[in-house]
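*Asks:*
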Amino acid sequence: MPERLLGLDVGTTATKGSVFDLSGNILASASQPYGLLTPQPGWVEQSPDDLRKAVAQVIRAVLEQLNLEDRIAAVSLSSQGGTTIPVDADGHPTYNAISWMDQRGSAQAECVRALLGDEFVRTVTGWPLQSALPLQHIAWLRDTLPDCFARSRYFLFVNDFIGYWLTGERCMDPTNAGITQLMNIATGDWDERLLEVAGIRRDQLSPIRPCGVVIGHVTAAASAATGLVQGTPLVNGAHDQYCAAVGAGVVQPGQVLLSCGTAWVLLAVPETMEAGLASGMAVGRHAIEGRWGAIRSLGGVGRSLEWLLDILSDECSAPQERDERLRSLDQAAARSTAGADGLLFYPLAGGHTVTYGPTRGAFIGLTLTHGRGDLARAIMEGIAFELKWAVEEIQTAGVHVSELKMVGGAAKSVIWPHIVADVIDTRVTVLASGEAASRGSAILAGVGVGLFPDIAAGFAALKAPEEALLPDEANATRYAEIFAAYRRGARYEVI
Numbered sequence: 003m004p005e006r007l008l009g010l011d012v013g014t015t016a017t018k019g020s021v022f023d024l025s026g027n028i029l030a031s032a033s034q035p036y037g038l039l040t041p042q043p044g045w046v047e048q049s050p051d052d053l054r055k056a057v058a059q060v061i062r063a064v065l066e067q068l069n070l071e072d073r074i075a076a077v078s079l080s081s082q083g084g085t086t087i088p089v090d091a092d093g094h095p096t097y098n099a100i101s102w103m104d105q106r107g108s109a110q111a112e113c114v115r116a117l118l119g120d121e122f123v124r125t126v127t128g129w130p131l132q133s134a135l136p137l138q139h140i141a142w143l144r145d146t147l148p149d150c151f152a153r154s155r156y157f158l159f160v161n162d163f164i165g166y167w168l169t170g171e172r173c174m175d176p177t178n179a180g181i182t183q184l185m186n187i188a189t190g191d192w193d194e195r196l197l198e199v200a201g202i203r204r205d206q207l208s209p210i211r212p213c214g215v216v217i218g219h220v221t222a223a224a225s226a227a228t229g230l231v232q233g234t235p236l237v238n239g240a241h242d243q244y245c246a247a248v249g250a251g252v253v254q255p256g257q258v259l260l261s262c263g264t265a266w267v268l269l270a271v272p273e274t275m276e277a278g279l280a281s282g283m284a285v286g287r288h289a290i291e292g293r294w295g296a297i298r299s300l301g302g303v304g305r306s307l308e309w310l311l312d313i314l315s316d317e318c319s320a321p322q323e324r325d326e327r328l329r330s331l332d333q334a335a336a337r338s339t340a341g342a343d344g345l346l347f348y349p350l351a352g353g354h355t356v357t358y359g360p361t362r363g364a365f366i367g368l369t370l371t372h373g374r375g376d377l378a379r380a381i382m383e384g385i386a387f388e389l390k391w392a393v394e395e396i397q398t399a400g401v402h403v404s405e406l407k408m409v410g411g412a413a414k415s416v417i418w419p420h421i422v423a424d425v426i427d428t429r430v431t432v433l434a435s436g437e438a439a440s441r442g443s444a445i446l447a448g449v450g451v452g453l454f455p456d457i458a459a460g461f462a463a464l465k466a467p468e469e470a471l472l473p474d475e476a477n478a479t480r481y482a483e484i485f486a487a488y489r490r491g492a493r494y495e496v497i
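Heads up: the sequence shown runs through residues 3 to 497, numbered per my numbering.
Spelled out as C-alpha cells, the structure:
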C-alpha cells in the first residue's frame, strides 16, 4: 500500500492539513477556521474544543480525498506557540485556551521582573519578558482564579494538548517549549527557577523530547473521532515558524525564512545561541538538534496592502472577486517603476522594531498623477524597506543573512518578491507551495517512522518547487538611494 504522510498545522485562526506522497506531491488538503474570544479588552482566548473539532474535521476531510489503498504512515503537527491550556487529570480543560496574543499577565510580568530581572529572563529563555506568554498566563491563573489553578493537573499548550487527545501521551517539543518562558534554552529542559515563579511543578508540564520522534499512537477514541487508523504513529512536531523553516529548507546559518501574512516574521539560523541573543531576536532551539533559531516579527505590516485593497474594492465583494481584485492590483504594481514614481509609504501597524510601528502610517510625495499601481507598489516597497532595516540590524549584531526564503501571501505576488530581492540586495527564493508548515510537519513525520534518515533527507524528498530571484543591479542601486531617504523620513512622527 502506498505510504502517505499527514502534516497538520494548528494555527491561530484555522487548522490546515495536507497529505503528501514520498515525492512531496500534495494529494489532499483541507482547512477549518475557528474564532477568537475577547471577553475583556486585552484578553484573547480560544475554545479548546474548537481546536480539537477542527483537527478532527480536517483529518476526516483529507482522508476522504485519498484512494482506498493509500495508507497514512505517520502524522505530525505544526502549531501556534505560546497558547496555554490548563487541564485536569483526565485532560479536560479547566479554562479556555489563553492565547499568545493575550495581555492580561502584565502585573505578573512585573512581578517576574522584580524577582528575576529582564536580563535573567532574556538570557535563560531566549525571549524578552512578555505579558502574553505562558509563564505569565499560569501565574495569572494562580493569582486570579485559585480554584481553577488548583484543579489544573497539567498545563498544556496547543501541540501537546492535541497530541494528548490523539494518543493519551503528553510530550512537548523544544521549539514550542522555548516560547513558554519556562524552558532554559541552554539545557533544553524546564527551568526550576521559572517553575517556582509560576507556582507549578515539573510534572505539571509535558516532558520535552526532540522534534521528529514518535510520541505515541492514535487511540481507539481518537480513531473514531478523526478516521485515522488506530495505532497510527504521531510524531513530535514543532512550532509553526520552525515547521515552516523545515518545510522551506531553512536549516543552515545564513538562510532566513520570511513568512508573509498579516504579520511578517523573520526566522534566522544563527551560528550559536550567543550570536542569536546578541542580535536582539527571540532565540530558541531549532527543530534540527544542534541548530538554533532566532525570530523577529515586523508586526502587522501586511495589513497595509489589505487596507488599500479594502478601500479600492466593494465591501460586498465575494471572496473570488476579492482574489481577482488583488491579482489586478498586484499586476498594476508590477507596471509601476522602482520607487513608485517618487512615492514613499510608511507601513501601518508594524515595522522594523517593536517600538516603531504606530497605528498611523503615511504616504509621502503623493501627486494627482499617481495611480493605484503606484500606491500598491509604494506599500510593497515601504514594507520591504522596513524588512531591510531589520535585516541590517541583525546582520550588524552578527547574524549572517545570505538568502531569504519567502513563503505566504506576498510570495505569490508577481512583483513583491522581486522588490524584496532588490531592496535587500540579496537572493530571494520563493516556494511554489504555500503550505510550508504542513510540509515541514510531514517531513518530521517521515523522519519519526524511519522513512527518511534525517530532516535533510526528508526535505530533499518532499521539497516543493522553488524559484530563485537575484537582485537587479540597477534597481538595487536605486533602492539604496531611496532607503536612505526613507530612514530620514522615519524620524518624523505622523500626528
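A virtual CB, placed ideally from N, CA and C, is assigned to each residue, including glycine.
Taking the DSSP output, what are the residues bridged to Cys-262?
*Replies:* DSSP, once it has assigned bridges, lists Trp-266, Gly-410 as partnering Cys-262.
*Asks:* On a Cα-Cα basis, can you pick out the residue from Gly-44, Ala-444, Leu-137, Pro-255 that is closest to Asn-186?
*Replies:* The candidate whose alpha carbon is nearest that of Asn-186 is Leu-137.
*Asks:* Rounded to the nearest angstrom, what separates Ala-336 and Val-416 at their Cα positions?
*Replies:* Those two C-alpha atoms are separated by around 7 Å.
*Asks:* Ordered along the chain, which non-local residues of its own chain (more than five positions away) have a Cβ less than 6 Å from that of Met-408?
*Replies:* Correct list, in chain order: Leu-260, Pro-419, Val-430, Val-432.
*Asks:* Grouping DSSP H, G and I as helix and E and B as strand, with all else coil, what is Val-356?
*Replies:* With a pLDDT of 49 at Val-356, under the threshold of 50, the modelled position of this residue cannot be trusted; read the value that follows with caution. Residue state, collapsed to three classes: coil.
*Asks:* With DSSP run on the structure shown, which of helix, strand or coil describes Val-285?
*Replies:* Residue state, collapsed to three classes: strand.
*Asks:* Quick one, are the C-beta atoms of Val-21 and Leu-68 less than 8 Å apart?
*Replies:* A contact, by the Cβ cut-off of 8 Å.
*Asks:* Thinking just about the alpha-carbon of each residue, which of Gln-42, Tyr-36, Pro-43, Asp-72 is nearest to the one in Lys-55?
*Replies:* Of the candidates Gln-42, Tyr-36, Pro-43, Asp-72, the one whose C-alpha sits nearest the C-alpha of Lys-55 is Tyr-36.
*Asks:* What do you get for Pro-41, buried or exposed, if any count of 16 or more other CB atoms within 10 angstroms of its CB means buried?
*Replies:* Looking at its Cβ environment, which holds fewer than 16 other Cβ atoms inside 10 Å, Pro-41 is exposed.
*Asks:* Could you tell me the distance, in whole angstroms, from the CA atom of Trp-309 to the CA atom of Gly-302?
*Replies:* Distance between the alpha carbons of Trp-309 and Gly-302 is about 11 Å.
*Asks:* Using a threshold of 8 Å, state whether the C-beta atoms of Ala-224 and Trp-167 are closer than that.
*Replies:* Yes, these two residues count as a Cβ contact at 8 Å.
*Asks:* Give a yes or no on contact between the region 236-244 and the region 72-89, applying the rule of three or more CB pairs nearer than 8 Å.
*Replies:* As far as the Cβ criterion goes, the region 236-244 touches the region 72-89, which means the pair count is three or higher.
*Asks:* Using the Cβ count rule (16 or more neighbours within 10 Å means buried), how would you classify Gln-232?
*Replies:* Classification for Gln-232: exposed.
*Asks:* Just curious, the alpha helix (DSSP H) that Leu-311 is in, first and last residue?
*Replies:* From DSSP, the alpha helix (DSSP H) with Leu-311 extends over 305-314.
*Asks:* Answer with buried or exposed for Glu-47, where buried requires no fewer than 16 other C-beta atoms within 10 angstroms of its C-beta.
*Replies:* By the neighbour-count rule (16 or more Cβ atoms within 10 Å), Glu-47 is buried.
*Asks:* In its own chain, which residues sit with a C-beta less than 6 Å from the C-beta of Gly-410, not counting the 5 before and 5 after it?
*Replies:* Contacts found: Ser-261, Cys-262, Gly-263.
*Asks:* Which first and last residues belong to the beta strand (DSSP E) in which Val-430 is found?
*Replies:* From DSSP, the beta strand (DSSP E) with Val-430 extends over 429-433.
*Asks:* What residue ranges within the region 328-399 form continuous beta strand (DSSP E) runs of no fewer than 3 residues, ordered along the chain?
*Replies:* Runs found: 346-348, 364-366.
*Asks:* Taking the continuous beta strand (DSSP E) assigned at Trp-294, which residues delimit it?
*Replies:* Looking at the DSSP string, the run of the beta strand (DSSP E) that includes Trp-294 is 294-299.
*Asks:* Is the beta carbon of Leu-53 closer than 8 Å to that of Val-12?
*Replies:* Yes; because the gap between Cβ atoms is below 8 Å, this pair is in contact.
*Asks:* Enumerate, from N- to C-terminal direction, the unbroken beta strand (DSSP E) stretches of 3 or more residues contained entirely within the region 139-194.
*Replies:* Runs found: 156-159.
*Asks:* Just curious, the alpha helix (DSSP H) that Gly-13 is in, first and last residue?
*Replies:* Gly-13 -> no alpha helix (DSSP H), and no H or E assigned at all.
*Asks:* Any heavy atom of the ligand SAH closer than 7 Å to the beta-carbon of Glu-47?
*Replies:* Ligands displayed in this structure: none; no statement on the ligand SAH is therefore possible.
*Asks:* If Gly-251 sits next to Lys-465, beta carbons under 8 Å apart, how far is it from one beta carbon to the other, in whole angstroms?
*Replies:* Yes, they are in contact, since the Cβ atoms of Gly-251 and Lys-465 sit about 7 Å apart, within 8 Å.
*Asks:* Indicate the three-state DSSP secondary structure (helix, strand or coil) for Pro-136 in the structure shown.
*Replies:* DSSP places Pro-136 in helix when its eight states are reduced to three.
*Asks:* Could you check what DSSP says for Thr-221 in three-state terms: helix, strand or coil?
*Replies:* Coil at Thr-221, not helix or strand.
*Asks:* Could you check what DSSP says for Arg-480 in three-state terms: helix, strand or coil?
*Replies:* The answer is helix: DSSP assigns Arg-480 an H, G or I state.
*Asks:* Can you list, in chain order, the residues of its chain with a C-beta nearer than 7 Å to that of Ser-315? Leave out the 5 residues immediately preceding and following it.
*Replies:* Correct list, in chain order: Arg-324, Arg-327.
*Asks:* Less than 8 Å between the C-beta atoms of Gly-214 and Gly-375, yes or no?
*Replies:* Against a cut-off of 8 Å, the Cβ pair of Gly-375 and Gly-214 comes out as no contact.
*Asks:* Tell me the DSSP secondary structure of Arg-226 in three-state form.
*Replies:* Sequence inspection shows Ala at residue 226; the Arg mentioned does not correspond to that position. Three-state DSSP puts Ala-226 in a helix.
*Asks:* To the nearest angstrom, how far is the alpha carbon of Phe-461 from that of Pro-148?
*Replies:* Each residue's Cα considered, the two are about 46 Å apart.
*Asks:* Using a Cβ-Cβ cutoff of less than 7 Å, which residues in the same chain neighbour Ala-179 once the five nearest sequence positions on both sides are dropped?
*Replies:* Answer for Ala-179: Met-185, Ile-210, listed in chain order.
*Asks:* Does Leu-249 pass the burial test, meaning 16 or more other C-beta atoms within 10 Å, or should it be called exposed?
*Replies:* Here the sequence assigns Gly to residue 249, which means Leu is not the residue at that position. When all chains shown are included, Gly-249 counts as buried.
*Asks:* Can you tell which of Ser-443, Ala-438, Gly-436, Phe-387 has the C-alpha that lies nearest to the C-alpha of Asp-424?
*Replies:* Nearest of Ser-443, Ala-438, Gly-436, Phe-387 to Asp-424, Cα basis: Phe-387.
*Asks:* What distance in whole Å lies between the Cβ atoms of Ile-217 and Val-57, which are believed to be in contact at a cut-off of 8 Å?
*Replies:* So it is not a contact: roughly 16 Å between Cβ atoms.
*Asks:* Taking His-420 as part of the alpha helix (DSSP H), name the residues at either end of that continuous run.
*Replies:* Its alpha helix (DSSP H) spans residues 418-426.
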